[in-house]
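Trainee: From first to last, the protein sequence lines are chains A and B.
The first sequence begins at 2 in the numbering used here and counts up by one.
The second sequence begins at 91 in the numbering used here and counts up by one.
Ideal Cβ placement from N, Cα and C applies to all residues, glycine included.
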Amino acid sequence: MPIITHVRSWVDARFDWAKLTEPLRHKTVPIHKLSYWYFLGGITLFLFGIQVCTGLLLLLYYRPGANEAFESVQYIMTRVQFGWLIRSIHSWAANLMIFTAFMHMFSVLFLRAYRKPRELTWVSGMILLFLVLGFGFSGYLLPWNTLAFFATKVGTEITGQVPVIGHTMMVLMRGGEEVTGATLTRFFGVHVAVLPGLTAFLILIHLALVQKFGMSLPPGVEATAKVNPAVVKEMKFLPNFLLREVMAWYVALGVLGALAAWLPWELGTKADPFGAAPAGIRPEWYFMFMFQSLKLIPSKIWRVDGELLGIMAFGLAGAIWVLLPFFEGRREKRGGALIRGAGVFALCYIVAMTIYGYMAK
Amino acid sequence: MFASVVSFFYPVLKYLVPPAVPDLGEDEVVAGKVGDLKPNGSKVFRFGTRPALLLLTAEGEYRCVSAVCTHLGCTVQYRSDLVEIWCACHNGTYGLDGRNISGPPPRPLEAFQVNVRGSEIVITRKRSA
Chain A
2 MPIITHVRSW
12 VDARFDWAKL
22 TEPLRHKTVP
32 IHKLSYWYFL
42 GGITLFLFGI
52 QVCTGLLLLL
62 YYRPGANEAF
72 ESVQYIMTRV
82 QFGWLIRSIH
92 SWAANLMIFT
102 AFMHMFSVLF
112 LRAYRKPREL
122 TWVSGMILLF
132 LVLGFGFSGY
142 LLPWNTLAFF
152 ATKVGTEITG
162 QVPVIGHTMM
172 VLMRGGEEVT
182 GATLTRFFGV
192 HVAVLPGLTA
202 FLILIHLALV
212 QKFGMSLPPG
222 VEATAKVNPA
232 VVKEMKFLPN
242 FLLREVMAWY
252 VALGVLGALA
262 AWLPWELGTK
272 ADPFGAAPAG
282 IRPEWYFMFM
292 FQSLKLIPSK
302 IWRVDGELLG
312 IMAFGLAGAI
322 WVLLPFFEGR
332 REKRGGALIR
342 GAGVFALCYI
352 VAMTIYGYMA
362 K
Chain B
91 MFASVVSFFY
101 PVLKYLVPPA
111 VPDLGEDEVV
121 AGKVGDLKPN
131 GSKVFRFGTR
141 PALLLLTAEG
151 EYRCVSAVCT
161 HLGCTVQYRS
171 DLVEIWCACH
181 NGTYGLDGRN
191 ISGPPPRPLE
201 AFQVNVRGSE
211 IVITRKRSA
C-alpha cells in the first residue's frame, strides 16, 4: 500500500477525515469572466504565510532594543548567509500583501460581494486589512533606522491628536512620552505576538464565513443565473480551483523572488532621536495618501487645528468604510450606486494623492 | 461577575501604562562653545528629553528654539539657503524666532533664552510668569 494511502487511512480511522473535509469537497466556484478576481484573497493569504515563515527566520538573529536593533539587522544582511534575501523577501512580501489586500478589498466592493448575507465577511475582511496595516506600521520601526523613527514619531503623534483618549493611547503605544527603545520593544511584541495571534483568529473567521456563504456572484451574472441557472458554470474547489490558486501563488512567489533579489530592501542609516528629520522623508507608499493630505491641510480651519480635522476625517471615513454594506439598505440599486461611487472616489483619491506625494518636493 | 472582570483586567491595564519618568527639571543646558557655529549655521542638541535647535544668524545673534515641530512632532532643521527653520516631514516653515510662517504647523516653536557665559553657550527654558 502506498504510504500516503496508509497515512490517510490512519487519520481517517481516528478523526473521520472524510467527514471533516466533506464541505470542501462539495464547495464550488462559479466560472465567469470576472472569476480571476477570486484569486486575490488567496494570494494575500499566501503572502501572509510567507511573512510568518520569513519572520520566524529573522527572529533567530534579530534583537529588539535601541542599541541593538539596527546592528542586528545589519548583521543579518551582511554576515548571515542569505540573510539579505530573507529580510528582503520579508519586506517585499509585506508590501505585496498590503497591495493585494487593498486590491481584494476594492474587487469585493466593485463586484458588490459585500451584499446580504456577506456583510460580516466584509467587516472581518476590513479588520484584517487594518491588522495588515498594523503589521506594516509596527514592523517598519523594527530596524530602528531614520525613516522608521520619524514615520513612527509622526504616526504615534497622529494617534495623540485624537480628542480625550489620544494622549493616553500615544503613551501606551510609545511606552512613554517619546519614541525611544521602549517603543521599539512594544512594537516588537505587538508585531511578533499580538498581531499574528489576532490575524490568525480573524483569518479563521473570515474563511469560515466565505465557506458558509460560498462565492458571491457579480450582480450581472447573478441576474442571468436567476433567469437561466445553467448559464453559470461551476468548478469544484477541490482540486480544480485550488490547483489554479496554487498556480497564482507560484506566480506571486516568482514576482516576490525577483523583486527581493533584484531590488534588495535597503537598511538606511541608524536612527538618531536627537537628529533633524532628513529632507525627502516619506512614509511607506500605503500611508502616502494620508501623509500628503495632512501636508496640504492648512494649519487652522476656522479655529480648529487643521491636522486634527484631517485625522478626524480619516477616522470617520475608515469607520464608514467598515460599515459600508449596511448603507446599501433596501433600495439595492440606489445604495449600490452610492457605494460604487464612494469606491471610485476613494480609489481615485488614494491613487492621485499617492502619485502627488511622490511627485511633490 | 463585573467585579471579577475588573479585578482581572485592572492590573493588566495598569501594567500597560509605562511608569512615569521623573522630569529631571533640566531647565538649563550648555549647548556648545562660542565659535562652534559659523554665522548662518545651526546645530540640533539634546535639551532634557527633547531636541532643541541653536542657530547663529548672519548678523551674529544666537537664537534657540525647540526642535520639535508643533504639527506632528518631527525634528526641524535650519535651512541656511532660505534663512528659515524647516520641517522636512510636512514642509512646515518657521521664522528664526520660532513663529510658524507656512505649511501645517499650528503653533510657534517654543523659544529658549540664550546666554553666553565665558566661552559657553547656555540655554535656559523661559519661565512662564
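(1) Going by alpha carbons, who is nearest to A:G316 out of A:Q75, A:L218, A:M78, A:T160?
(2) Can you list, in chain order, the residues of its chain whose CB lies under 7 angstroms from that of A:Y39, leaving out five sequence neighbours each side?
(3) Anyone know if the C-beta pair for A:S139 and A:V180 falls short of 9 angstroms?
(4) Less than 6 angstroms between C-beta atoms, sequence neighbours within five positions excluded: which residues of the same chain meet that for A:P219?
(5) Quick check on the DSSP output: what are the complete alpha helix (DSSP H) runs of length 4 or more inside the region 279–337 of chain A, in order along the chain?
(6) Considering only the alpha carbon of each residue, which of B:P196, B:E200, B:L144, B:S192 lies closest to B:R215?
(7) Taking 9 angstroms as the CB-CB limit, is A:S139 close to chain B?
(8) I want to see whether chain A comes within less than 9 angstroms of B:F135, judged by CB atoms only; does it?
(9) Leaving aside the five residues before and after A:P299 along the sequence, list all residues of the same chain whose C-beta is less than 6 angstroms from its C-beta, in chain order.
(10) Just the chain A side, please: which residues come within less than 8 angstroms of B:V119 by C-beta, in chain order?
(11) Classify A:G42 as buried or exposed, calling it buried when 16 or more other Cβ atoms lie within 10 Å of its own Cβ.
(12) If we cut at 9 angstroms on Cβ distances, does A:D306 have a partner in chain B?
(13) Short of 8 angstroms in beta carbon distance, which residues of its chain neighbour B:A219, apart from the five on each side in sequence? Order them along the chain.
(14) Should the region 254–271 of chain A be regarded as contacting the region 88–104 of chain A, the criterion being three or more beta carbon pairs within less than 8 angstroms?
(15) Between which two residues does the alpha helix (DSSP H) carrying A:S92 extend?
(16) Figure out for me which residue from B:Y105, B:W176, B:T147, B:A142 has the closest Cα to the Cα of B:D117.
(17) Quick check: is the beta carbon of B:P141 nearer than 9 angstroms to any beta carbon in chain A?
(18) Once DSSP output is grouped into helix, strand and coil, what is the label at A:E23?
(19) For A:L97, tell me which candidate among A:A259, A:I282, A:A343, A:L339 has the shortest Cα-Cα distance.
(20) Closer than 7 angstroms, Cβ to Cβ, to anything on chain B: give me those residues from the region 159–177 of chain A, in chain order.
(21) Is the Cβ of B:P195 closer than 9 angstroms to any Cβ of chain A?
(22) What does a CB cutoff of less than 6 angstroms around B:V134 pick up in its chain, not counting 5 residues either side in sequence?
(23) Measuring from the CB of A:P118, is there a heavy atom of the ligand SAM at a distance below 8 angstroms?
(24) With DSSP as the reference, please indicate the residues paired to B:S132 in a beta bridge.
(25) What does A:K154 touch in chain B if you count any residue whose Cβ is under 7 angstroms from its own?
(26) Checking contacts by CB at 9 angstroms: is A:K334 closer than that to chain B?
(27) Please report the straight-line C-alpha distance between A:I44 and A:H33, rounded to a whole angstrom.
(28) Buried or exposed: which applies to A:G177, given that a residue is buried once 16 or more other Cβ atoms fall within 10 Å of its Cβ?
(29) Using 9 angstroms as the threshold, is the C-beta distance between A:A70 and A:L185 below it?
(30) Can you find the residues in the same chain that come closer than 6 angstroms, C-beta to C-beta, to B:G188, ignoring five residues on each side of it along the sequence?
(31) Using a 10 Å radius around the Cβ and a threshold of 16 neighbouring Cβ atoms, would you call A:T169 buried or exposed?
(32) Which class does B:C81 belong to by DSSP, given the choice of helix, strand or coil?
(33) Under a three-way DSSP split, which group does B:S156 fall into?
(34) From the DSSP output, in three-state form, read off B:P195 for me.
Mentor: Here's the rundown:
(1) Looking up residue 316 of chain A in the first sequence gives position 315. Nearest C-alpha to A:G316: A:T160.
(2) If you number the first sequence from 1, residue 39 of chain A lands on position 38. Within the same chain, A:Y39 has close Cβ partners V30, M216.
(3) Stepping through the first sequence from its first residue, residue 139 of chain A is reached at position 138. Stepping through the first sequence from its first residue, residue 180 of chain A is reached at position 179. Contact: no.
(4) For the purposes of this step, residue 219 of chain A is taken as residue 218 along the first sequence, with counting starting at 1. L35, L112.
(5) 289–297, 307–323
(6) Along the second sequence, read from residue 1 onward, the residue named residue 215 of chain B stands at position 125. Minimum Cα distance to B:R215 is reached at B:E200.
(7) The residue labelled residue 139 of chain A in the question sits at position 138 within the first sequence. By this cut-off, A:S139 is not an interface position.
(8) Your numbering for residue 135 of chain B matches position 45 in the second sequence. Chain A, which has a Cβ nearer than 9 angstroms to the Cβ of B:F135, makes this yes.
(9) Taking the first sequence and counting its residues from 1, the one referred to as residue 299 of chain A is at position 298. The residues are G307.
(10) Against the second sequence, residue 119 of chain B aligns to sequence position 29. Those within 8 angstroms of B:V119 in chain A number zero; the least Cβ separation is about 12 angstroms.
(11) Working through the first sequence from its first residue, we reach residue 42 of chain A at position 41. Buried, since its Cβ has 16 or more Cβ neighbours within 10 Å.
(12) Here residue 306 of chain A refers to the residue found at position 305 when the first sequence is read from its first residue. Chain B, which has a Cβ nearer than 9 angstroms to the Cβ of A:D306, makes this yes.
(13) Residue mapping note: residue 219 of chain B aligns to position 129 of the second sequence, counting from 1. Here B:A219 scores only 49 on pLDDT, less than 50, and its place in the model is too uncertain to base an answer on.
(14) yes
(15) Stepping through the first sequence from its first residue, residue 92 of chain A is reached at position 91. Counting along the chain, the alpha helix (DSSP H) containing A:S92 begins and ends at 84–111.
(16) Translated into the one-based positions of the second sequence, residue 117 of chain B becomes position 27. Nearest C-alpha to B:D117: B:A142.
(17) Here residue 141 of chain B refers to the residue found at position 51 when the second sequence is read from its first residue. Yes, because at least one Cβ of chain A sits closer than 9 angstroms to the Cβ of B:P141.
(18) Taking the first residue of the first sequence as position 1, residue 23 of chain A is located at position 22. Residue state, collapsed to three classes: helix.
(19) As a position in the first sequence, residue 97 of chain A is number 96, starting the count at 1. Nearest option by C-alpha distance: A:A259.
(20) I159, V172, L173, G176, G177
(21) Here residue 195 of chain B refers to the residue found at position 105 when the second sequence is read from its first residue. Chain A contact via Cβ: present.
(22) Position 44 of the second sequence, counting from 1, holds the residue named residue 134 of chain B. Once the five neighbours on either side are set aside, the close Cβ partners of B:V134 are P141, L143, A157.
(23) Questions concerning the ligand SAM fall outside what the structure shown contains, since it holds no ligand whatsoever.
(24) In the second sequence, the residue the question calls residue 132 of chain B occupies position 42. B:L145.
(25) As a working mapping, residue 154 of chain A is identified with position 153 in the first sequence. Those are G163, C164, listed as they occur along chain B.
(26) For the purposes of this step, residue 334 of chain A is identified with residue 333 of the first sequence, where counting begins at 1. For A:K334, the answer is no, since every Cβ of chain B falls outside 9 angstroms of its Cβ.
(27) Here residue 44 of chain A corresponds to residue number 43 of the first sequence, with the count starting at 1. Here residue 33 of chain A corresponds to residue number 32 of the first sequence, with the count starting at 1. Cα-Cα distance, rounded: 19 angstroms.
(28) In the first sequence, residue 177 of chain A corresponds to position 176, counting from 1. Counting Cβ neighbours within 10 Å, A:G177 comes out buried, since at least 16 surround it.
(29) Start at 1 with the first residue of the first sequence, and residue 70 of chain A comes out as number 69. Start at 1 with the first residue of the first sequence, and residue 185 of chain A comes out as number 184. Yes, they are a contact pair.
(30) Position 98 of the second sequence, counted from the first residue, corresponds to residue 188 of chain B. Contacts found: V155, P198, L199, A201.
(31) Along the first sequence, one-based indexing puts residue 169 of chain A at 168. Its Cβ having fewer than 16 others within 10 Å, A:T169 is exposed.
(32) For chain B, the structure presents residues 91 to 219; residue 81 of chain B sits outside this window and is missing.
(33) Within the second sequence, the letter at position 66 stands for residue 156 of chain B. DSSP places B:S156 in strand when its eight states are reduced to three.
(34) In the second sequence, counting from the first residue as 1, residue 195 of chain B sits at position 105. Coil at B:P195, not helix or strand.
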